[in-house]
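Keeping their order, the protein sequence lines are chains A and B. Mapping of the first sequence onto the working numbering: residues 85 to 621, in sequence order. Mapping of the second sequence onto the working numbering: residues 85 to 621, in sequence order. Backbone N, C-alpha and C define an ideal beta-carbon position, used for all residues, glycine too. So the structure is just underneath, and the comments pick up after that.
Number of protein chains: 2
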Amino acid sequence: MQWDAWGDPDRAVTLSDSQLALVHDVLKVSASDVQAVSRSEVRVRPSALTTYDVAALTAIVGEEHVSTNDDDRLPRAGGKSTLDLLRRRAADEQAAPDAVVVPGTEDEIVELLAVCAERRIAVVPFGGGTSVVGGLDPERNGMRAVISLDLRRFDRLESLDETDQEAVLGAGLTGPKAEWLLSEHGYELGHYPQSFCYATIGGFAATRSSGQDSAGYGRFDDMVRGLRVVTPVGVLDLDRPAPKTAAGPDLRQLFLGSEGVFGIITAVRVRIHPLPETRVYEAWRFPDFATGVAALRAVEQLGTGPTVLRLSDEVETAMNLATVTDAGGDAAATGGCFAVAGFEGPATLVEARRAATRTVLESHGGVSQGEEAGNHWAERRFDGPYLRDPLLSEGALVETLETATSWSNLAHLKQAVTDTIQAKFAEYGSMSLVLCHVSHVYDTGASLYFTVVGAQRGDAMAQWRDIKSAVNDVLMSHGGTITHHHAVGADHRDWMTAEVGPVGVRVLRAVKAALDPAGVLNPGKLIPVPVPEPHGP
Amino acid sequence: MQWDAWGDPDRAVTLSDSQLALVHDVLKVSASDVQAVSRSEVRVRPSALTTYDVAALTAIVGEEHVSTNDDDRLPRAGGKSTLDLLRRRAADEQAAPDAVVVPGTEDEIVELLAVCAERRIAVVPFGGGTSVVGGLDPERNGMRAVISLDLRRFDRLESLDETDQEAVLGAGLTGPKAEWLLSEHGYELGHYPQSFCYATIGGFAATRSSGQDSAGYGRFDDMVRGLRVVTPVGVLDLDRPAPKTAAGPDLRQLFLGSEGVFGIITAVRVRIHPLPETRVYEAWRFPDFATGVAALRAVEQLGTGPTVLRLSDEVETAMNLATVTDAGGDAAATGGCFAVAGFEGPATLVEARRAATRTVLESHGGVSQGEEAGNHWAERRFDGPYLRDPLLSEGALVETLETATSWSNLAHLKQAVTDTIQAKFAEYGSMSLVLCHVSHVYDTGASLYFTVVGAQRGDAMAQWRDIKSAVNDVLMSHGGTITHHHAVGADHRDWMTAEVGPVGVRVLRAVKAALDPAGVLNPGKLIPVPVPEPHGP
């Protein structure tokens with residue numbers, strides 16, 4: 085990926101005339117309002133590692149797997165949030181890990197963690213670099229230095245069992261590489277988050293990623309059957325063959341979502357399924373968001389079995405007309421709310437599920453827009469993030485944020501978040517657009533995914549932190565979760581006490597202290613500081 | 085429940101002539117070989133509580149909610165494992181909690197835990213008393229005394245939301261009471277373990293219970309959306325409305341299966357579903373177990389959607405002919421392996437799911453035995469445990485044990501367990517019968533549930549511990565889990581290091597120390613002692 089933008093430079097997009105008009109005429113900003121920094125102008129924070137440090141690291145992994153070069157360190161200096169991208173555009177020195185270390189075996193990771201604890205060097209695990217919550221911030225956090233521990237060499241399909249429909253995947257495998265390896269055997273994982281092209285298996289596990297096919301195949305944490313995790317006190321092997329167990333707490337669920345603070349995930353056993361015989365995506369239109377939500381809820385609670393089920397609100401549906409990704413296609417032009425219901429699997433089951441789903445959607449006011457618009461969505465499902473970069477360059481402030489809540493609270497929470505964003509942008513003298521969709525549905529509730537567009541004003545990083553902080557407070561006070569699938573990282577850390585309570589934070593800190601007594605693992609992420617004091621003796 | 089036997093005395097069974105013949109002629113034991121102790125002969129361990137202790141407890145919950153009477157303490161002296169029942173038949177003094185305390189509010193539990201920590205009194209949470217793994221052993225474990233903390237007053241349906249299809253249930257609600265309260269609103273939970281009639285919502289959560297409808301409605305841990313837990317350091321409220329979150333580790337999964345060692349679960353938010361319009365149970369026959377297993381696997385991996393799916397092996401199918409529960413009915417008479425596929429839900433979906441399942445079962449060698457035999461199974465689904473008591477009284481050693489593994493390892497593990505049980509009984513000069521069924525199926529594997537019948541020899545408790553220990557070793561060495569749904573308790577505790585590894589045990593101990601620094605909560609259960617030392621710094 086590019087160091088200062090999303091994805092593949094060859095797929096970068098330029099803004100259409102209507103998009104430019106929106107930015108110039110409505111937001112009243114333009115490229116001349118913002119700074120641009122080219123790679124040649126960038127100063128990278130010098131490495132704090134001593135030659136002795138570097139020697140200790142190279143003794144473990146070999147000289148070719150340790151780099152202190154700026155060109156290796158800079159791309160691992162963070163993730164791909166808008167804050168990350170704005171930071172890249174700053175003229176001042178760029179923070180970066182003090183070295184990039186690329187181990188090839190679990191034993192090497194065990195040794196690296198021991199050396200780092202001894203030398204007080206923090207360790208940030210690195211997969212695809214797609215964090216949008218500051219999960220990769222190269223924080224030294226009181227340590228002498230910080231390294232990026234790149235897992236790219238853990239890139240094997242370690243095993244695949246057709247009887248059990250399970251596979252063990254190396255943590256460093258990217259989404260496409262993992263699916264390619266599985267497809268050679270006739271199988272797939274079916275995990276398609278928007279970060280799919282770059283993010284890795286280990287990252288999916290460490291952040292509880294959720295893909296666009298979650299209605300059918302579940303979230304990534306639902307797919308996991310076993311984990312291997314290297315901690316500073318030893319290797320944790322949670323990989324017994326049992327599909328389920330009552331042998332105490334499910335410790336896998338403590339390491340799923342642990343974001344590198346408890347250990348380094350090296351391999352993940354996942355359930356897989358045969359490559360679908362049939363894939364059908366159908367677009368639907370609902371008169372309004374509330375009607376569409378009721379329809380999605382009915383489908384999910386009845387259990388008719390779609391693989392993909394999503395719904396854009398009125399603003400997102402309308403805006404798709406003007407965007408380069410044009411996800412709604414012609415369907416969007418008809419107004420109302422655009423939805424997609426997708427079905428994958430054996431032809432006979434797909435037909436039955438589709439028919440049962442169609443009955444529910446139609447009885448709830450849905451009107452089919454046909455497969456062409458559905459396929460159009462599917463073809464462009466990973467394109468969204470490319471639009472942010474040119475918008476940022478034109479002076480717009482663009483970011484996404486997401487949450488989840490119960491069905492009964494969905495409209496209330498959506499309104500509160502929208503109102504908060506618009507009020508905060510108004511404080512900065514900017515109008516703002518708030519687009520929203522539901523893309524993950526459960527029997528008891530659903531996710532809400534917001535795309536926000538306003539004008540950059542002054543220090544845009546400080547501006548966004550201010551706006552986001554207000555939104556986070558609203559998520560906590562209005563029955564949301566601080567994150568449905570983006571994870572916690574540094575950006576959501578200070579809301580974790582509200583999320584899990586002081587006793588919950590106490591549990592996280594106890595596990596952290598037991599597994600990482602030197603505190604080298606991804607410091608400053610996930611676990612709030614200082615320790616809240618729960619009541620009691 | 086009776087103090088020394090399963091369930092309702094009015095539903096106690098007597099052995100048929102064929103069952104008596106089996107015991108007398110094959111096992112070569114009879115009632116004269118075993119001891120019987122009537123309630124009037126029993127001596128109960130005197131309460132170790134001082135009048136000051138009792139005064140401190142009554143000050144919190146009121147005099148009417150603290151009892152040191154033998155008749156209250158004895159029924160809470162343990163669960164309903166064969167070891168528990170044999171212990172009741174021993175002539176020596178019966179261990180028992182030193183008092184039964186019945187709090188009515190969370191605040192009272194908070195105060196009780198503080199007083200118990202201060203006075204060094206252990207606390208065993210008590211729900212339905214159906215543990216079969218020593219989870220209720222009244223262990224003082226170095227404390228001055230031990231109390232049974234009975235949750236029966238937490239017996240309310242706290243809330244029910246029809247839009248979200250969620251309800252909050254008090255931890256002390258029994259299965260039938262919970263279902264009755266939900267059914268008044270037109271809903272059900274659908275959790276039917278064999279302990280259903282007595283076990284409680286809190287117990288289901290604390291032990292990761294799994295019910296007979298797990299194929300359709302999931303395990304209990306799948307049903308849980310939120311939990312309230314009173315710990316000695318404060319109340320943990322994991323009950324945000326979000327159906328799913330990426331806000332770090334899923335801490336609910338740390339308290340599900342925590343068996344009272346981390347805190348007292350007081351309320352559980354569960355997903356519910358409308359009372360099914362249709363319920364159909366159909367019996368099937370397969371020529372042999374391997375064929376039946378392949379059919380169940382195909383159904384589950386294809387996802388045709390049965391609510392109940394289970395398969396008895398050849399021995400269990402044949403033995404059902406001779407048992408009073410006669411679960412197989414006429415179907416069993418035809419030999420091979422008896423199976424049940426049940427479907428619940430809206431009529432249209434049930435028909436489609438049943439048709440799709442039928443196609444798979446038939447293509448895998450299954451022959452329908454009709455609905456009558458299926459309904460016969462459903463009617464008697466909770467009767468199994470009643471047969472054990474008269475068998476124990478005739479000198480038979482009867483117990484169940486269970487595990488789970490991957491599909492590919494199922495036959496291998498089943499054979500190893502069966503061989504081990506038979507070899508161990510042979511060491512005691514007894515033949516033995518080992519019955520087995522699959523009653524919980526997953527995409528990647530299934531459970532194995534064994535019923536064991538042999539002859540008691542000498543100290544039957546020591547004999548069973550010896551046999552069970554050998555089986556547990558085999559579960560660990562042959563790819564099983566130490567328990568699929570019975571939980572860990574005292575009986576499986578020493579295999580937890582093999583189950584989750586030394587790093588996993590270190591995590592459990594760290595959480596325990598953080599939440600229960602005085603160590604009063606259910607000591608001696610779940611977490612192995614002494615602490616294994618993981619490698620590393």
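When secondary structure is reduced to three states using DSSP, Q178/A falls in the strand class. In this structure, L380/A lies away from V595/A, with their beta-carbon atoms at least 8 Å apart. The beta carbon of D575/A sits closer than 6 Å to those of V217 and G218, all from its chain and outside the five residues before and after it, given in chain order. Straight-line measurement puts the Cα of A120/B at about 12 Å from the Cα of S114/B.
About 10 Å separates the Cβ atoms of V184/A and V208/A, ruling out a contact at the 8 Å cut-off.
DSSP links P358/B through a beta bridge to Y271/B. A residue is called buried once 16 or more other Cβ atoms fall within 10 Å of its Cβ, and R95/B, having fewer, is exposed. In the DSSP assignment, I285/B falls within the alpha helix (DSSP H) that extends over I285 to T291.
Runs of the alpha helix (DSSP H) lying entirely within the stretch 484 to 524 of chain A and spanning at least 4 residues, in chain order: 494 to 511. The Cβ-Cβ distance between G529/B and P586/A does not fall below 8 Å.
With respect to chain A, the C-beta atom of T135/B has no partner C-beta closer than 8 Å.
Three or more beta-carbon pairs separated by less than 8 Å link the stretch 475 to 491 of chain A to the stretch 322 to 336 of chain B, which places the two stretches in contact. Cβ-Cβ separation between V383/A and G347/A: approximately 39 Å, too far for a contact (criterion under 8 Å). Annotated as distal: R123/A and A180/A, with beta-carbon spacing of 8 Å or more.
Excluding residues up to 5 positions away in sequence, L158 and P159 lie with their Cβ nearer than 6 Å to the Cβ of W87/A in the same chain. Assigned with DSSP and collapsed to three states, P607/A falls in coil, not helix or strand. Taken through DSSP and simplified to helix, strand or coil, R363/B comes out as strand. A contact between stretches requires three or more CB pairs, one per stretch, nearer than 8 Å, and the stretch 199 to 208 of chain B meets this requirement with the stretch 130 to 148 of chain B. G163/A sits close to L220/A, with the two beta carbons spaced by under 8 Å. With respect to the 8 Å criterion, I611/B and E583/B are not classified as neighbours on the basis of their beta carbons. Here the stretch 167 to 177 of chain B does not lie against the stretch 104 to 114 of chain B, with fewer than 3 beta-carbon pairs under 8 Å apart. The three-state reading of DSSP puts R369/A in strand, counting E and B together. Contact annotation: L335/A and D305/A have beta-carbon atoms that are not nearer than 8 Å.
For Y533/A, there is no enclosing alpha helix (DSSP H); the enclosing beta strand (DSSP E) covers residues G529 to A539. Residue contact check for I349/B against chain A: no CB pair falls below 8 Å. Less than 8 Å divides the Cβ of P469/A from the Cβ of Q278/A. In this structure the stretch 426 to 444 of chain B does not lie against the stretch 469 to 482 of chain B, because fewer than three pairs of beta carbons, one per stretch, are closer than 8 Å.
Taking a cut-off of 8 Å for Cβ pairs, the stretch 97 to 112 of chain B and the stretch 189 to 199 of chain B do not touch, as fewer than three such pairs fall below it. Residue-level contact by beta carbon holds for W491/B and chain A, with a gap shorter than 8 Å. The C-beta distance from R309/A to V354/A rounds to 6 Å, short enough to meet the 8 Å contact threshold. With 16 or more other CB atoms across the displayed protein chains lying within 10 angstroms of its CB, N493/A is buried. Identification of residues in the stretch 330 to 342 of chain A having a C-beta nearer than 9 Å to some C-beta of chain B yields A330, A331, G332, P333, D334, L335, R336, Q337, L338, F339, L340, G341 and S342, given in sequence order. Take S151/A, set aside five residues on each side of it, and the residues of its chain with a beta-carbon closer than 7 Å to its own are A183 and V184, in chain order. Chain B places no beta carbon closer than 8 Å to that of E272/A, leaving this residue out of the contacts. In the DSSP assignment, T258/A is bridged to T284/A. Collapsing the DSSP output to three states places S561/A in a helix.
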